[in-house]
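Protein chains in written order, with the working numbering: chain D, 234 to 658; chain C, 234 to 658.
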C-alpha cells in the first residue's frame, strides 16, 4: 500500500513490486533475524549483483560495469546526447548489518525509474533526460578501506590502481575480489548531470519527530587514521612490567583520550575506534602491534582540524606512556560540505506536495552522493529509521516509508523528465 | 662441543646428536629468521610429533598417546614394576615464537636418556628405574585456552571431556584437531615417580648474572579471566556520542586500570591483556563486544587475591563509564607453590659438581611441571636465555648452554638409575 498521504502522485510507483524486489535482494546475505551479511565483493554481493543485472536485462536497462566494479543500468528515454540523471546507492552491507542501508537506494531507483517510464508511456510524452541506476562498490568500507571506494574512483578523487590494491583483513585485494565474482569491468561511464540517492536516515531525528521524510542538506567531514602502535612481543609471565613494550596498552590510553576529547565540543564532534587489530593476539604474549582504525567526524572543518591536532598529541603521549613506537599507516580526509540547492528544493517541493514535511538534516556518515557532490549536483533523501538504528540486524524502515521515499524520487524524476534539468541540476 | 666446564660427566651426552635433533625438530614450523610457528595440534605440530614417534621407534622407546594427545616414549631398563622417571616438556609453540621454548625440554630428555642407557650398558650396570619422555599437548595456550591443557588432564586437574571441547578462534575443538593429526590416543599412562623438565629461563636473570644454569624452586600463581564487555552495535557516524555503548572503550578503560594496578605491588604483580577480540571489528561500527584475555600473576597468593578484588571493581567501573554490560566467560586459577626439595637438591649438587652455580629462580610463566607437581615430585631446570627473550623469533639459548642443561639432566638421571629414588623423589 502506498504511503497514506500520497494520492496525488504524478508517476505512481508500485509498492508491491518494490517490496518484492526488496525481499529478493534481502535473500542474498539476509537471515531470518533481520541480519544482513553482504560485504562488498563477497560471493553474496556477487549474487546480489547478478540478480540486479538480470533485472536490468529484463526491464530494458543497459548494464555497464566499470573497472572498480561499479554497476550501472541505463534506461534511454531521450536519446544519446540527453543529460543523464543517475539514481542509486549500494548493495554492500556491514558484517551483521541490516537490510535497508544501501539496498533501499538501489531498489527504489529501479522502481522509481520504472514508474516514470510507465507514466511517460501512458501519456505519450517525451523525456528531457535519460536515467541510470547506480550500485557503487564498497560504500561501507567494512571489508576494504576506505569507504565510498567505488564512487571515489568514479569521480577521480581516488586513483583506480591504488583502489584496486586495497586489501582486506585476509590479504585479498580489491582487484582479486572483483575478478572472483566477475565484476572487474571495462566500461566507461560518464559523470551524470545529477545524482539522487535515497537512504535510510540511520539516526532517530525523523523517528522521534514522527516524520517520514527528510533531506540531507549538509554532510559532515571525516578524518580517518589507520594508526599502528609498535611494541615488542614478550611473554606475559616472566617479562618484568617495567620492561614491557605493550602496543595494546598504548591503544587503550589513546582510545580513552579520544573519547574524552568530545567533551570539549558539545555535539559537534564524534570520535571512534571501531576496528582494532592486535598482533600476535595470544593470551600470554605482550602485544607487539596494535592497529587502530580511528575516525574523527564533525560538521565544522575547524573542529575537525582541532580534534586532529589534539589526537596527535594524545598519540605521542600514549606511545611514551606505554614505551612503544607508532606509525601512521594511512590518513583519509573527507571535507564537510553541502548538497545541491536545486535538488534540495525539488525534493522539498515534491514532499510538501504530498503533505509531508521535509526536514533538513546533516549526514554524518558518508554516502556515495557525498563523493559525487564534488563533480555534479547531488542530494541524499532520507526516510526514517525505526529507533534510529543502523548497521544492526534490527535496522528497520517500514514498507510504507520505503514506498513514500520511492514515490518522492519517482515524482522528482518525472518532473526532471518533463521540465528538464535547468535550474535544478 | 660440550660446555667447557663439563669434563667429569657421569653419563656424557653427545652434543652433536643433541644439535642435530634440535635442528630437525626446528624444521617443523621454523623459518630462517628464527621464528617458530608450531601451534598445538596444527599440521606442523603433527609433523613434529611424527618425527618424535619415529625417533622413539628407532631408539627402542615404546610410544603411548593418551586421549588428550600427550605423547610419551618409554624406555624400560628396570623391568615392569620399577618406578618411572619422566622427563620432557612440549613441542608446541606460540605464533611467531622461538625454537627453544619447550622443544629443548623434549629433545634434551631424549638425549639424556640415551646417554644414561649408553653409560649403564658400558658399565654393565642395572637401573633402579625406567625412563619416559613426555611431550605435553597445548602447553602454550595460544591456540586453545587454558595453557598446560595436556598436563592438567594427565594429573586430573582438568576433565578430559571439557578439555576436548575447548575451541580455537576458528571454532575448531581440541577433539577435532587431535583427530585431524592422528593424535586422539587411547593409551593410559601412569603418574610417574618423578618429573624433570629442562626449559629455557625466559627471563634475563641468568644472562645478566653471566650464569648458565638455574633451578626454578618456586612457581607463581596466575588468575586468568576471559571477560566480555557487551555494548551495542551502531554506526560510528550518526550515532550521538552520548548514546553509544562502546564495548571496546570499556576494554580500554580496564586495560589502563590493570596496568596502573601493578604500581601498588612493586615487582610482585604482573598484569596483562595479551589477546583482545573485537566484534564486529569494522572501522565504522561501534563495537558490540570486546573479549579480553586477562592475566594476573604473582608469587604471593595474597597479592593475587587483592589484585583480583581490585580488578572486579575496575571491571564494574569501566562498564559503567562506557555504558555497557559485561560477562565473565571463564576463570582459570593456578596456585603459587614450590617444586620438590629432593629434586632441587639433586640438580643443585649435580650442577655444582660441574663448577656451576645453580641459582634459585621463580618461574612466573606456567610449565607442565607445575601441573605435575600436584601429583608427583617435580622440578624445572633452567638454562639461560640470551637477553631474556622468549616467545619471539630472537629467542636464543646457545648450543653450549643447551648441552650443559642436558648434561645436568643426564647426570641426574644416571644418579637416580644407580642410587634409586629414595629421598629424592
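Cβ coordinates follow ideal geometry from the N, Cα and C atoms, glycine included.
Assuming contact is defined by CB atoms lying nearer than 7 Å, are residue i and residue j in contact in what I supplied?
| i | j | result |
| --- | --- | --- |
| residue 683 (chain D) | residue 598 (chain C) | Given a span of 234 to 658 for chain D in the structure shown, any question on residue 683 (chain D) remains unanswerable. |
| residue 572 (chain C) | residue 606 (chain C) | yes |
| residue 454 (chain C) | residue 545 (chain C) | no |
| residue 628 (chain C) | residue 445 (chain C) | no |
| residue 596 (chain C) | residue 612 (chain C) | no |
| residue 333 (chain D) | residue 630 (chain D) | yes |
| residue 533 (chain D) | residue 497 (chain D) | no |
| residue 469 (chain D) | residue 519 (chain D) | yes |
| residue 384 (chain C) | residue 369 (chain C) | yes |
| residue 507 (chain D) | residue 526 (chain D) | yes |
| residue 585 (chain C) | residue 242 (chain C) | no |
| residue 426 (chain D) | residue 574 (chain D) | no |
| residue 495 (chain D) | residue 474 (chain C) | yes |
I need the straight-line Cα distance from residue i to residue j, nearest angstrom please.
| i | j | result |
| --- | --- | --- |
| residue 412 (chain D) | residue 440 (chain D) | 41 Å |
| residue 247 (chain D) | residue 619 (chain D) | 23 Å |
| residue 515 (chain C) | residue 328 (chain D) | 8 Å |
| residue 298 (chain C) | residue 464 (chain C) | 44 Å |
| residue 555 (chain C) | residue 551 (chain D) | 20 Å |
| residue 410 (chain D) | residue 300 (chain D) | 12 Å |
| residue 354 (chain C) | residue 583 (chain C) | 21 Å |
| residue 429 (chain D) | residue 322 (chain D) | 9 Å |
| residue 636 (chain C) | residue 417 (chain C) | 33 Å |
| residue 252 (chain C) | residue 512 (chain D) | 31 Å |
| residue 381 (chain C) | residue 601 (chain C) | 6 Å |
| residue 434 (chain C) | residue 517 (chain D) | 16 Å |
| residue 593 (chain D) | residue 643 (chain D) | 20 Å |
| residue 320 (chain C) | residue 467 (chain D) | 26 Å |
| residue 379 (chain C) | residue 450 (chain C) | 23 Å |
| residue 179 (chain C) | residue 256 (chain C) | This structure leaves residue 179 (chain C) out entirely; chain C is present only between 234 and 658. |
| residue 537 (chain C) | residue 479 (chain C) | 29 Å |
| residue 290 (chain D) | residue 249 (chain D) | 20 Å |
| residue 397 (chain C) | residue 407 (chain D) | 39 Å |
| residue 576 (chain C) | residue 338 (chain C) | 16 Å |
Kindly indicate which residue of the options has the alpha-carbon position closest to the one of residue i.
| i | options | result |
| --- | --- | --- |
| residue 558 (chain D) | D:398, D:460, D:533 | D:460 |
| residue 579 (chain D) | D:519, D:652, D:316, D:423 | D:652 |
| residue 267 (chain D) | D:331, D:244, D:239, D:242 | D:331 |
| residue 367 (chain C) | C:318, C:494, C:397 | C:318 |
| residue 638 (chain D) | D:591, D:625, D:621 | D:591 |
| residue 420 (chain C) | C:510, C:394, C:302 | C:302 |
| residue 275 (chain D) | D:259, D:325, D:286 | D:325 |
| residue 481 (chain D) | C:485, C:403, C:585 | C:485 |
Just to confirm the assignment, what range does the beta strand (DSSP E) spanning residue i have?
| i | result |
| --- | --- |
| residue 365 (chain D) | 363 to 368 |
| residue 589 (chain D) | Neither: residue 589 (chain D) is in no beta strand (DSSP E) and is coded neither H nor E. |
| residue 448 (chain C) | 446 to 452 |
| residue 508 (chain D) | 503 to 512 |
| residue 430 (chain D) | 427 to 433 |
| residue 637 (chain C) | That residue, residue 637 (chain C), is in no beta strand (DSSP E); its alpha helix (DSSP H) goes 632 to 652. |
| residue 561 (chain D) | 558 to 567 |
| residue 527 (chain C) | 522 to 531 |
| residue 304 (chain D) | 304 to 308 |
If you drop the 5 nearest sequence neighbours on each side, which residues of the same chain put their C-beta closer than 8 Å to that of residue i?
| i | result |
| --- | --- |
| residue 566 (chain D) | 454, 455, 456, 457 |
| residue 259 (chain D) | 269, 332, 336 |
| residue 541 (chain C) | 456, 529 |
Give the range of the alpha helix (DSSP H) segment to which residue i is assigned.
| i | result |
| --- | --- |
| residue 253 (chain C) | 248 to 259 |
| residue 279 (chain D) | 276 to 291 |
| residue 623 (chain D) | Premise fails: residue 623 (chain D) is in no alpha helix (DSSP H) and is neither H nor E. |
| residue 549 (chain C) | 534 to 555 |
What does a CB cutoff of less than 7 Å around residue i pick up in its chain, not counting 5 residues either side in sequence?
| i | result |
| --- | --- |
| residue 237 (chain D) | Note that residue 237 (chain D) scores a pLDDT of 47, beneath 50, so its modelled location is shaky and nothing firm can be said. |
| residue 375 (chain C) | 272, 327, 328 |
| residue 360 (chain C) | 310, 311, 353, 650 |
Using only the heavy atoms of the ligand FMN, determine whether one of them is closer than 6 Å to the beta carbon of residue i.
| i | result |
| --- | --- |
| residue 265 (chain D) | The ligand content of the structure shown is nil, which means the ligand FMN is not present either. |
Ordered along the chain, which non-local residues of its own chain (more than five positions away) have a Cβ less than 6 Å from that of residue i?
| i | result |
| --- | --- |
| residue 646 (chain C) | 345, 349 |
| residue 503 (chain D) | 530 |
| residue 308 (chain D) | 294, 346, 364 |
| residue 401 (chain D) | 376, 377 |
| residue 277 (chain D) | 261, 262, 271 |
| residue 436 (chain D) | 621 |
| residue 342 (chain D) | 320, 321, 366 |
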